[in-house]
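Residue numbers (the working numbering): 214 to 275.
Take a look at the structure set out below.
Given below as structure tokens:
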């Protein structure tokens, strides 16, 4: 540390580390890269029209 700077007391530093490790309650969790890729693929598939004459059972009462 430079001159004139105070160091953080050990107790305060330990409290900070405990709280940081425990995480912040209520904070949103970022989805994983895999979850983002799957979500993007599903959005793309939903945007594509179904090909004419496909074997889908949508709207056929099956």
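All C-beta atoms, glycine included, are put in the ideal place defined by N, C-alpha and C.
Run through DSSP, which three-state label would residue 261 get? Locating residue 261 in the chain shown gives position 48, counting from the first residue. It is coil, neither helix nor strand.
CA-to-CA distance, residue 220 to residue 229, given in whole angstroms: Residue mapping note: residue 229 aligns to position 16 of the chain shown, counting from 1. Residue mapping note: residue 220 aligns to position 7 of the chain shown, counting from 1. Going from the Cα of residue 229 to the Cα of residue 220 covers about 14 Å.
Rounding to the nearest angstrom, what Cα-Cα distance links residue 236 and residue 259 in this structure? As a working note, residue 236 is residue 23 in the chain shown. As a working note, residue 259 is residue 46 in the chain shown. C-alpha separation (whole angstroms): 36 Å.
The alpha helix (DSSP H) with residue 233 in it runs from where to where? As a first step, residue 233 is located in the chain shown; it is residue number 20 there, counting from the start. Under the DSSP assignment, residue 233 falls in the alpha helix (DSSP H) whose first and last residues are 223–235.
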